[in-house]
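Residue numbers (this note's numbering): 4 to 525.
The structure appears right after this line, and notes come after that.
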């Protein structure tokens, strides 16, 4: 025991474990599985991880822990999971894009088991879904020697630099290198930012030119004569078809057809598309554009959203290939014309450019956990405005790589009442996949809040109720929020495992005693 880096205690009868029994810096893990019964059946697994000894090595010091581990090269990781060299596009030493040709090569390979990690309605501090996802995959792969993959969302820099922080996990269950995971990664969010803002620029430019030019002038710009020959582009022919103009010769259009073709006639008050930036820059939420003299009085109010709130991020997460993504990008509605017709990205003529900008972003990024197990990081739509799940493609690639006896653990953002339900209602319908189990993450802190405890505010000290033992608050949270989330998962016909994530408080009484009676109400 004195030589171990980690000691696992199985069974509830061990109340205390002297720190002198382990070397400085070793982790002590308490694990108590409990089978519960009641009207809704589930399994409750209580985990407590503490770290003894040297004060510099604490589970809260995620950056310290991340930097203390040297990741294996991504080439070695790719070989271990069954990727061919030609299917890998390395971005440095520790991360790489995976080409979608893998799906064709492994088309006949049966899928592995599909596990969703969700959480009860969280406090503003988060309850550890990513940590549980990574910890579960590390347990399956590194310790049980089963093929498994974690599929996570790419975090936005907004929350990363805010109170909540990054999304690489925590303690000894995190993706490394943490800084690369939380910040630029392989540039997918930057590609989304460029694509989104290209659409915004095209909207304003089109409105300016339509306001200042004749139909003939617009037509000459949109369908220029090259060496005396005019020719419609494929995107323009598609627009003509939608307008009911079945002509392919630019010279054959009537003046009325030319006017209908060249004028989108966007209503400035009904433009729904905004620019984006992946920073919490609150003073850009509402701005006025077009004040330069060169914009000829085309002034309007608009604003910036966070980059991952772009519809392009949601499309990236739902697309099942480059062609599917291109079709979805073309159908994006950016506003409404003055006569009430929707105007799309294809009407603006930018859908092809968007597909080119996003051609690398559609490939999932391969990384690893602290214990060297594989992780796909891809897409990161918010659950409150989109569907809040990582990409369909990452899950499909992972399911093929792990094989019939393997496991893919994917994560749904926010609480189960939004992220999990959107996983079933949106992502599963788009992908055709069906999960085999749901892991529902809870914390004593969140259970107390839902059981009647005071509000938890980000950046403020926790009220005393969350520090002192209060089983009645925990029981209230189990009977209300936790129970309901389990019932929701069962509506979809999926078995549930509840993971109680014990964070940092001294809650050994929940681990070292038999399961509290209130858990049986579940």
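Here a beta-carbon is modelled for each residue, glycine too, at the ideal position from N, C-alpha and C.
Here the structure is a predicted model, which means the values were calculated and not measured.
Using a 10 angstroms sphere on the CB of residue 230, the tally of other CB atoms stays under 16, which defines it as exposed.
Using a 10 angstroms sphere on the CB of residue 402, the tally of other CB atoms reaches 16 or more, which defines it as buried. For residue 436, there is no enclosing alpha helix (DSSP H), since its DSSP letter is neither H nor E.
By the C-beta criterion, the stretch 398-412 is judged not to be in contact with the stretch 169-176, since fewer than 3 inter-stretch pairs fall below 8 Å. Boundaries of the alpha helix (DSSP H) harbouring residue 325: 325-333, taken from the DSSP string. Each residue's CA atom was taken as its position, placing residue 491 and residue 438 some 14 Å apart. When Cβ pairs closer than 8 Å are counted between the two stretches, the stretch 446-459 is seen to touch the stretch 114-132, the count reaching three or more.
Here residue 468 has 451, 456, 457 and 476 as same chain residues with Cβ atoms under 7 Å from its own Cβ, once five neighbours each way along the sequence are excluded.
Annotated three-state conformation of residue 354 is helix, per DSSP.
Annotation: the continuous beta strand (DSSP E) that includes residue 370 extends over 368-372. Beta-bridge pairing by DSSP links residue 340 to 269. Contact between the stretch 270-282 and the stretch 330-341 is established, with three or more Cβ pairs separated by less than 8 Å. Listed as beta-bridge partners of residue 291 by DSSP are 304.
Where residue 199 is concerned, the enclosing alpha helix (DSSP H) starts and stops at 191-215. Here residue 278 is bridged, per DSSP, to 307.
In the displayed model, residue 253 falls within a helix according to three-state DSSP. Comparing alpha-carbon positions, the option among 289, 149 and 444 lying closest to residue 115 turns out to be 149. DSSP, reduced to helix, strand and coil, places residue 469 within a helical segment of the structure shown. Counting along the chain, no beta strand (DSSP E) covers residue 484, and no H or E run does either. Judged by DSSP in its simplified three-state form, residue 91 adopts strand. Membership of residue 504 in the beta strand (DSSP E) is indicated by the continuous run 499-505. Residue 364 is positioned such that its CB atom lies no closer than 9 Å to that of residue 312. DSSP places residue 319 in the helix class (H, G or I) of the three-state scheme. With 16 or more other Cβ atoms inside 10 Å of its own Cβ, residue 425 counts as buried. The stretch 375-394 makes no contact with the stretch 351-358, as fewer than three CB pairs between them are under 8 Å. Rounded to whole angstroms, the separation of the alpha carbons of residue 266 and residue 256 is 14 Å. Between the stretch 277-290 and the stretch 152-169 there are three or more C-beta pairs closer than 8 Å, enough to call the two in contact.
Following the DSSP letters along the chain, one finds residue 183 inside the alpha helix (DSSP H) bounded by residues 181-185.
In this structure, the beta-carbon distance from residue 434 to residue 398 falls below 9 Å. Here residue 391 is buried. Its C-beta has 16 or more other C-beta atoms within 10 Å. Residue 443 sits in a strand when the DSSP states are folded into three classes.
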